[in-house]
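Taken in order, these protein sequences are the chains called A and B.
Per my numbering, the very first residue in the first sequence carries number 1; after that it's consecutive.
Per my numbering, the very first residue in the second sequence carries number 414; after that it's consecutive.
Cβ coordinates follow ideal geometry from the N, Cα and C atoms, glycine included.
These notes are about the structure you will find just below.
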Amino acid sequence: MSDLETKPASNSAAGAQVNPSSSKIGTWLSHVVTDLGKNGIFIALIVVVVLFSFLTDGILLRPQNISNLIVQNGYILVLAVGMVMVIIAGHIDLSVGSVAAFVGAVSGVFAVTWGLPWWLSIILSLLVGALVGVWQGFWIAFVGIPAFIVTLAGMLIFRGLALAVLGNANIGSFPAEYRALGNGFLTDLFGEFELDPLTLGVAAIAIIALVVQQFRTRNGRAAYGQEVEPLVWFVGKLVLITVVIGMFAYALASYKGIPVTLIVLAVLVLVYGIIMNRSVFGRHIYAIGGNLHAAELSGVKTRNVTFWLFVNMGVLAALAGLIFTARLNLAGPKAGDGFELEAISAAFIGGAAVQGGVGTIGGAIIGGLIIGVLNNGMSIMGIGIEWQQAVKGLVLLLAVAFDVYNKRRSGGR
Amino acid sequence: MTTNILEMRGITKTFPGVKALQDVTLNVARGEVHAICGENGAGKSTLMKVLSGVYPHGTYTGDIVFEDEVVEFKDIRDSEAKGIVIIHQELALSPYLSIAENIFLNNEQRGAFGLIDWNKTNSEAVKLLARVGLRENPTTKIMDIGVGKQQLVEIAKALSKRVKLLILDEPTAALNDEDSDHLLNLMLHLKGQGITSIIISHKLNEIKKVSDAVTIIRDGKAIETIAKADVTEDRIIKDMVGRDLEHRYPDHTPNIGEEILRVEDWTAHHPQDPNRVMVDAVNLNVRRGEIVGIAGLMGAGRTEFAMSLFGRTYGSRISGKVFKAGKEIKTRTVTEAIDNGIAYATEDRKTYGLNLIEDIKRNISMASLGKLVKGGLVDDNEEFKVANEYRTSMNIKAPTVLAKTGKLSGGNQQKVVLSKWIYSNPDVLILDEPTRGIDVGAKYEIYAIINALAAQGKGVIVISSELPELIGICDRIYTLSEGRITGEFPIVDATPETLIKHMTMEKAR
Numbered sequence: 001m002s003d004l005e006t007k008p009a010s011n012s013a014a015g016a017q018v019n020p021s022s023s024k025i026g027t028w029l030s031h032v033v034t035d036l037g038k039n040g041i042f043i044a045l046i047v048v049v050v051l052f053s054f055l056t057d058g059i060l061l062r063p064q065n066i067s068n069l070i071v072q073n074g075y076i077l078v079l080a081v082g083m084v085m086v087i088i089a090g091h092i093d094l095s096v097g098s099v100a101a102f103v104g105a106v107s108g109v110f111a112v113t114w115g116l117p118w119w120l121s122i123i124l125s126l127l128v129g130a131l132v133g134v135w136q137g138f139w140i141a142f143v144g145i146p147a148f149i150v151t152l153a154g155m156l157i158f159r160g161l162a163l164a165v166l167g168n169a170n171i172g173s174f175p176a177e178y179r180a181l182g183n184g185f186l187t188d189l190f191g192e193f194e195l196d197p198l199t200l201g202v203a204a205i206a207i208i209a210l211v212v213q214q215f216r217t218r219n220g221r222a223a224y225g226q227e228v229e230p231l232v233w234f235v236g237k238l239v240l241i242t243v244v245i246g247m248f249a250y251a252l253a254s255y256k257g258i259p260v261t262l263i264v265l266a267v268l269v270l271v272y273g274i275i276m277n278r279s280v281f282g283r284h285i286y287a288i289g290g291n292l293h294a295a296e297l298s299g300v301k302t303r304n305v306t307f308w309l310f311v312n313m314g315v316l317a318a319l320a321g322l323i324f325t326a327r328l329n330l331a332g333p334k335a336g337d338g339f340e341l342e343a344i345s346a347a348f349i350g351g352a353a354v355q356g357g358v359g360t361i362g363g364a365i366i367g368g369l370i371i372g373v374l375n376n377g378m379s380i381m382g383i384g385i386e387w388q389q390a391v392k393g394l395v396l397l398l399a400v401a402f403d404v405y406n407k408r409r410s411g412g413r
Numbered sequence: 414m415t416t417n418i419l420e421m422r423g424i425t426k427t428f429p430g431v432k433a434l435q436d437v438t439l440n441v442a443r444g445e446v447h448a449i450c451g452e453n454g455a456g457k458s459t460l461m462k463v464l465s466g467v468y469p470h471g472t473y474t475g476d477i478v479f480e481d482e483v484v485e486f487k488d489i490r491d492s493e494a495k496g497i498v499i500i501h502q503e504l505a506l507s508p509y510l511s512i513a514e515n516i517f518l519n520n521e522q523r524g525a526f527g528l529i530d531w532n533k534t535n536s537e538a539v540k541l542l543a544r545v546g547l548r549e550n551p552t553t554k555i556m557d558i559g560v561g562k563q564q565l566v567e568i569a570k571a572l573s574k575r576v577k578l579l580i581l582d583e584p585t586a587a588l589n590d591e592d593s594d595h596l597l598n599l600m601l602h603l604k605g606q607g608i609t610s611i612i613i614s615h616k617l618n619e620i621k622k623v624s625d626a627v628t629i630i631r632d633g634k635a636i637e638t639i640a641k642a643d644v645t646e647d648r649i650i651k652d653m654v655g656r657d658l659e660h661r662y663p664d665h666t667p668n669i670g671e672e673i674l675r676v677e678d679w680t681a682h683h684p685q686d687p688n689r690v691m692v693d694a695v696n697l698n699v700r701r702g703e704i705v706g707i708a709g710l711m712g713a714g715r716t717e718f719a720m721s722l723f724g725r726t727y728g729s730r731i732s733g734k735v736f737k738a739g740k741e742i743k744t745r746t747v748t749e750a751i752d753n754g755i756a757y758a759t760e761d762r763k764t765y766g767l768n769l770i771e772d773i774k775r776n777i778s779m780a781s782l783g784k785l786v787k788g789g790l791v792d793d794n795e796e797f798k799v800a801n802e803y804r805t806s807m808n809i810k811a812p813t814v815l816a817k818t819g820k821l822s823g824g825n826q827q828k829v830v831l832s833k834w835i836y837s838n839p840d841v842l843i844l845d846e847p848t849r850g851i852d853v854g855a856k857y858e859i860y861a862i863i864n865a866l867a868a869q870g871k872g873v874i875v876i877s878s879e880l881p882e883l884i885g886i887c888d889r890i891y892t893l894s895e896g897r898i899t900g901e902f903p904i905v906d907a908t909p910e911t912l913i914k915h916m917t918m919e920k921a922r
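Have a look at this one:
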C-alpha cells in the first residue's frame, strides 16, 4: 500500500524516468520484507545463536559444541516433526514422552535382556511404536475422543507400562551398533584427516542439490507464469544458506564428522517435507486442520488421515525413544520426561497455529533448534535448570504472541 | 427541534490505501424504519461501525448529530448510553446462559450488597419478552431456542438499554420466512412505540415491506435516499450495482436430454433421534441439461436430503435407491459420491465449504487432488495453472490464486466453491442456497454459471428458499414439506402462490 502513496511523489520530484526503477526497488523491497516476515523464525534462530555465542565467549560455536547441539536435541527434533503434523491437523499429542520411555524400555528387553540382533530390536521397537499409534489413533479417529484426552491417558498408560517393563531397574548396556543411533559418527571412512572429507563432500553434494532444486522450482514457476522473487534476492538467499551449511559442515568436519542422528534427521526432514508439501496425504492434513467439515465434504477421508497421523506419531516417538536410549546407553524410568512439552513448544515457536491448519516441518525444526540453543547456551553459562525452564517458557509465550500480533496486523483492516 | 433523530454529515473513513466511506450523508427521521442497502463491501457495515463508536471519534472525518447534538463516541458504551444499539448479524449471545441472563449481561439487575436480584432479573425479562412477542421462560438457555427467537432476545436486550435508535445488520439472513415475518412485524410494532430503526438488508421484498426510506450505498458513497412511495426493486438494484439489470436472471434455453439421476424412496432419520423421520420417501429425478429446483421452508429437510444423499454426511438409518443414467449407484461415502459424478456445494460456505486460511488454489484442488498427482506427488505448477484458469473463467476477483479465501467477498467465495466442484467434473451438481449472502451483481454471475453447467449437459439441482430465484432459473421445481415431496411443477405452472401452498402442506394426521 505504501508504494501507492509514494509513487506520485517521486514522479513529480525526479521526473518520469526514475519512476520505473523506483517502483522496481519497491517490489524488490516488498519481496525482501515479506520474506523476512515469513522467515522471521529463521532470523530469530540467528539472533539467538549470535546472542549466545557472545554470552558464552564463542564456546557455543565451537565444533564440538555444534556437534553436541545436534546429538543432544536429535530426539526432540524427531518428535517435533511428528508433533507439528499432529498440530497442523488440529490435534495434540501429550503422550510422546511416555511412549519414548516405553519403547526405550521395550527395546532394552529386545536388545539386552533377550539379546536379539540390534537391527531386529530397532525394527521391533518401531513396530511397538506403530502399535501405540494404532491404539491412540483408534480412539481419536474412530471413536471420536479428543486427542488431548486420549494422549493424556496415553501419557499415564505408557509411563506406567514403561515402569512395568523395567521392573524398577535400568536396562543397559546396549550393543555398539544400537548405540550409534544416539552418539555414533560417520567419519574416517577415507582415513584420518584434519578435516573429515566425507563430511565436506556430503555438504557439497547437499548444497549443489539444494541449488539445483531451487533453480528448477523457480524456473518451473516462471514457466507457468507465476510470480518469482527478484533474481538478486533469490541468489542472495541461496548464498546465505550455502554459507550457513558450509560453516556448519566445517564445524562438524573438524570435530568427529557427521553424527548418525543428523543423518536420521536429514532423511526425516526431507521425506516429511515432501509429504507435507507435495503429497495428497500432506494436503489432506492441512485441509483437515483448516476446516474439518469442508475437508470431509470434499471427499477427504478425515478419519483415516487422523488415524495414520497418530500411527506416524507413534513411530516417530519410538524413534526418539531409541535415539535417547542409545545416547544414554540406558533404558531408565525417567526417560522422555517432558519431551512432549519441548516438542510442542518447538512446533509452536516454529509458527504452527493452535487452531490447526498452519505450520511447517522446517519451522518446527528451527523452533526445536532455538530451544536447543537456549538449553545449550544457558548450560554453558552455568545458569541453573530453574531459570532455564523459566526462560524457555517465556520464549514460547513471546514467540506465539509475536505470531498472533503478526496475524492480527496482516489480517485486520 | 428537527424531525431527524440522526444526521450523519459528510462522513469519510479511510483505511490504509482504501477509502471505505467518502463524504456519506445519512438522515434518519424520528420514528421511521430506514433501510440501508448496498452490495457486500459497499461500506454499509463501516458506516454503522462509525455510528456506533466501534471506530471511535477521530478515526473518521465528518459529524454525527444525534437528537440535535453533535456526538463524539469513543466506543460502543458511549453510543449505547445515548440509546443507539446495534445488533450484528452474528448474534452476541452466550449459548449456555439463560435468556434473562443474556438480556441483562453487563447490565445486571442488582439488589442488596450489589448481588444479583434474580427475581427482578427474571420478572423484568418477562416484561421485555412480552414486548418482543416471545413466549419463552426467561430461564431457558439460549442454546435451546432457535435462531429466530435468539434474534428476538437480542432485541429485548436492546429494549432493556432504553434504545432510541435500533440498528439491525441483516437480521433475517439466517431466518426462515415465518421468523422473518415476525421480526419485520416487530420492527413495525416498535416503530409504533416511537423507536427508530435502521435495517441493513439484501432482501428487496422485506425492505419494501417495512421501510419508510431507503438509502443506497455503493463504493463507499451514498447514492440516494428514496422515500417509501418511490421505492421500486428495479430502482434499488440499479443504484446498488450502478447499472441497469434488465434481467435479474440470465436467459436460459433448456436443452434437456435423458435422465441422469433418479432417487427412489430416499429416507433419512435424525442423527441423534433415529426415530424422527427427516427425509420421507423422496422420489425425484434430474435430466441432462436440466435445472431442477427444490423449494422448501427452513426445516423442510432440503439440506438433510442433499447431505444424506451426498455420502451420508447427514442423518441415520438412511435408505433408498440412487440411479445414475439408469444404473443403480451407491453413495455411502463422500468419495463414492464424487467418484460417481455427484457434487454438493453446501449452503454454509464458511463452515462447510471452504478452508478459509488456505488460498484459492488449494481450495479449488481439494476435491480432486488425485488429478494433479504426477509420480506420486501433487504437481504444484499444474495446480496453479488450473486454479488460474478457473479464476479467469469464473471471474473470481482476486489479485492471484494465492489469495486466502477468507479474504474474499461472499460472491467470490462461492465462485471458488463452484470451481472446486466443477473441477471434480461431476454429472450432477446439487447447489444448496447458491446465492445466500451474495450481492445482486454476483448473483447474476452465479446464475450464468448454473446455466453454463446445464448447457454442458450436466444435471443441476438448486435448493433455495428464494422463490423468485427458483422460478427465475429452474426448468422444473419440486416442493418439499416436512421431509416429503408435496408437488412437482414444470416451470410454466410454477407460480409463487402454488409453490408456497405446497411448501406449507402438512402431513395428514
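Legend: CB atoms of the stretch 287-312 of chain A lying less than 8 angstroms from CB atoms of chain B belong to residues Ala287, Gly290, Asn291, His293, Ala294, Ala295, Glu296, Leu297, Ser298, Gly299, Val300 and Lys301.
Taking the CA atoms as reference points, B:Val441 sits about 6 angstroms from B:Ile418.
Interface criterion met: the Cβ of A:Arg221 is under 9 angstroms from a Cβ in chain B. The residue among B:Ile673, B:Leu542 and B:Tyr757 with its C-alpha nearest the C-alpha of A:Leu297 is B:Tyr757. With fewer than three CB-CB distances shorter than 8 angstroms, the stretch 354-365 of chain A does not count as touching the stretch 108-121 of chain A. In the three-state DSSP reduction, B:Ser732 falls in the strand class (E or B).
It is roughly 23 angstroms from the alpha-carbon of B:Asp772 to the alpha-carbon of B:Leu842.
At least one C-beta of chain A is nearer than 9 angstroms to the C-beta of B:Gly766. For B:Lys817, the pairing in a beta bridge is given by DSSP as B:Asp772. Boundaries of the beta strand (DSSP E) around B:Thr609: Thr609 to Ile613.
For B:His915, the enclosing alpha helix (DSSP H) starts and ends at Pro909 to Met916.
Per the DSSP secondary-structure output, B:Glu482 pairs in a beta bridge with B:Phe479.
Residues of the stretch 198-226 of chain A that bring their beta carbon within less than 9 angstroms of a beta carbon in chain B comprise Thr217, Gly220, Arg221, Ala223, Tyr224, Gly225 and Gln226, in sequence order.
The stretch 339-352 of chain A and the stretch 67-86 of chain A touch, with three or more beta-carbon pairs separated by less than 8 angstroms. By the Cβ rule, the stretch 583-598 of chain B counts as touching the stretch 557-564 of chain B, because three or more pairs are nearer than 8 angstroms. By the criterion of at least three beta-carbon pairs nearer than 8 angstroms, the stretch 42-62 of chain A is not in contact with the stretch 276-295 of chain A. In this structure B:Lys734 is exposed. Its beta-carbon is surrounded by fewer than 16 other beta-carbon atoms within 10 angstroms. In this structure B:Arg897 is buried. Its beta-carbon is surrounded by 16 or more other beta-carbon atoms within 10 angstroms. A contact is defined here as three or more CB-CB pairs under 8 angstroms, and the stretch 467-480 of chain B fails this definition with respect to the stretch 867-887 of chain B. With a threshold of 16 other beta carbon atoms within 10 Å, A:Leu394 falls short and is exposed. Remark: three or more beta-carbon pairs, one from each stretch, lie closer than 8 angstroms, so the stretch 442-453 of chain B and the stretch 600-617 of chain B are flagged as touching. For A:His284, at least one C-beta of chain B is nearer than 9 angstroms to its own C-beta. Close partners of A:Ile380 in chain B (Cβ separation under 9 angstroms) are lacking, with about 40 angstroms as the shortest Cβ gap. Annotation for B:Pro903: the continuous beta strand (DSSP E) segment containing it runs Arg897 to Pro903.
Listed in chain order, the non-local C-beta contacts of A:Gly314 below 6 angstroms within the same chain comprise Gly129, Ala130, Val132 and Gly133, local neighbours out to five positions each way being set aside.
For A:Ile274, the C-beta contacts it makes with chain B under 9 angstroms involve Leu790, in order along the chain. Listed in chain order, the positions of the stretch 122-143 of chain A with a beta carbon within less than 8 angstroms of a beta carbon of chain B would be empty, since no residue qualifies. If you check the CB distance, B:Lys570 and B:Asn535 do not come in under 9 angstroms. Listed along chain B, no residue sits closer than 7 angstroms to A:Arg159 by beta-carbon distance, the nearest being about 35 angstroms off.
For B:His602, there is no enclosing beta strand (DSSP E); the enclosing alpha helix (DSSP H) covers residues Asp590 to Gly605. Contact check between the stretch 90-100 of chain A and the stretch 158-166 of chain A: three or more CB pairs, one atom from each, fall below 8 angstroms, which counts as touching.
Relative to B:Lys574, the option among B:Val498, B:Lys604 and B:Lys554 whose CA is nearest is B:Val498. Neighbourhood of B:Val747 in chain A, by CB distance below 9 angstroms: Glu296, Leu297, Ser298, Gly299, Val300 and Lys301, in chain order.
Rounded to the nearest angstrom, the gap between the Cα atoms of A:Gly372 and A:Leu77 is 9 angstroms.
Our two residues, A:Trp28 and B:Leu821, have alpha carbons roughly 26 angstroms apart in a direct line. Against B:Lys798, the close residues of chain A are Tyr224, in the order they occur along the chain (beta-carbon pairs closer than 7 angstroms).
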